[in-house]
Amino acid sequence: MKKKIVIAIDGPAGSGKSTIARLVAKKLKILYIDSGAIYRAYTLQYLREEINLEEQETLVEFLERTTVNLESGKNGALIFVNRENVTKEIRSLEVTANVSLISENKNIREVVTKKLRSEAEHNSLVMDGRDIGTVVFPDAALKIFLTASIEERARRRKDDLKSAGVETDLEKIKNDIQRRDKHDSERYLAPLQKPDDAILLDTTNLAIDECVDFIIEKTLEKSV
0 MKKKIVIAID
10 GPAGSGKSTI
20 ARLVAKKLKI
30 LYIDSGAIYR
40 AYTLQYLREE
50 INLEEQETLV
60 EFLERTTVNL
70 ESGKNGALIF
80 VNRENVTKEI
90 RSLEVTANVS
100 LISENKNIRE
110 VVTKKLRSEA
120 EHNSLVMDGR
130 DIGTVVFPDA
140 ALKIFLTASI
150 EERARRRKDD
160 LKSAGVETDL
170 EKIKNDIQRR
180 DKHDSERYLA
190 PLQKPDDAIL
200 LDTTNLAIDE
210 CVDFIIEKTL
220 EKSV
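Structure below.
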């Protein structure tokens with residue numbers, strides 16, 4: 000693309016944002032960044048070091064010695080913590096269970112937000128998350144807010160876990176998602192909410208390609 004553009008894609012868990020954002024970036028041949036992966040990287044290191052987030056000096060030292068980098072890979076971005084490839088490790092159940100603790104920490108959010116914004120200084124990009132269009136890039140050229148029924152989101156999550164070799168109850172997944180939705184939308188720092196100027200896209204009954212094509216069409220309209 001000739002004109003530099005930022006596409007912000009937000010939405011709750013299971014709405015399809017990561018899959019769709021990745022494919023949009025691939026088709027447009029621009030950078031894709033999963034903001035959640037960066038928070039997961041800090042979460043992984045936090046679990047390894049077992050630091051106390053309540054101790055300000057300890058937290059500052061942790062952030063100073065922890066370097067998180069993104070690199071392009073054949074199947075998407077690779078995540079490195081202190082030069083170690085942790086792309087697979089950050090998807091563990093333990094990291095998933097603790098990532099909210101890290102993403103809600105004010106100091107860590109400031110570091111991550113600064114890193115995310117720096118990526119857009121010289122690149123067109125697609126970024127997905129929960130506060131991309133409201134906090135990270137409030138002036139993004141295109142903002143999309145994805146949603147889907149709770150039943151569909153639970154089914155997608157179950158399929159993802161099954162592909163990873165993890166069997167779990169659909170009703171349990173549904174309850175977990177509902178609990179996460181409530182938590183994300185009510186949290187004090189950067190709550191999940193649709194930006195006023197975002198396009199709402201319900202993915203419940205749409206194929207992935209339909210969602211991708213819709214966003215690309217809107218992107219091309221913005222880049223004219």
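First residue of the sequence shown? That's 0 in numbering that gives the first Met the number 0, and the numbers climb one at a time after it.
Quick reminder that beta carbons are idealized off the backbone N, C-alpha and C, glycines included.
Since this is a predicted model, take the numbers as computed values, not measurements.
So residue i packs on residue j, CB below 8 Å; how close in whole Å?
| i | j | result |
| --- | --- | --- |
| I207 | T18 | 6 Å |
| F61 | I78 | Not a contact, Cβ separation roughly 17 Å. |
| D201 | A147 | 6 Å |
| Q177 | I149 | 6 Å |
Would you check if the distance between the CB atom of residue i and the CB atom of residue j is smaller than 8 Å?
| i | j | result |
| --- | --- | --- |
| V67 | Y31 | no |
| D33 | D127 | yes |
| T65 | N81 | yes |
| V134 | A189 | yes |
| A36 | R152 | no |
| S117 | R108 | no |
| D9 | R129 | yes |
| K28 | I215 | no |
| L43 | L52 | no |
| R21 | I89 | no |
| E70 | A76 | yes |
| S14 | L115 | no |
| H182 | S123 | no |
Pull the bridge partners of residue i from the DSSP assignment, please.
| i | result |
| --- | --- |
| F144 | D9 and L199 |
| V23 | Note: V23 sits in no beta bridge, so no partner. |
| D33 | D127 |
| I78 | L69 |
| E83 | V80 |
Note down the Cα distance separating residue i from residue j, rounded to an integer number of angstroms.
| i | j | result |
| --- | --- | --- |
| C210 | D158 | 19 Å |
| A24 | K16 | 12 Å |
| G164 | L92 | 12 Å |
| E54 | L46 | 15 Å |
| K105 | L205 | 36 Å |
| K221 | D212 | 14 Å |
| T218 | I172 | 33 Å |
| H121 | F136 | 14 Å |
| T203 | R156 | 13 Å |
| D195 | T112 | 20 Å |
| K161 | E56 | 41 Å |
| E170 | N97 | 21 Å |
| Y73 | T167 | Going by the sequence as given, residue 73 is Lys instead of Tyr. Computed Cα separation, rounded: 30 Å. |
Q: Decide yes or no for the touch test of the region 137 to 148 against the region 3 to 23: beta carbon pairs closer than 8 Å, at least 3 of them.
A: Yes: at least three Cβ pairs fall under 8 Å.
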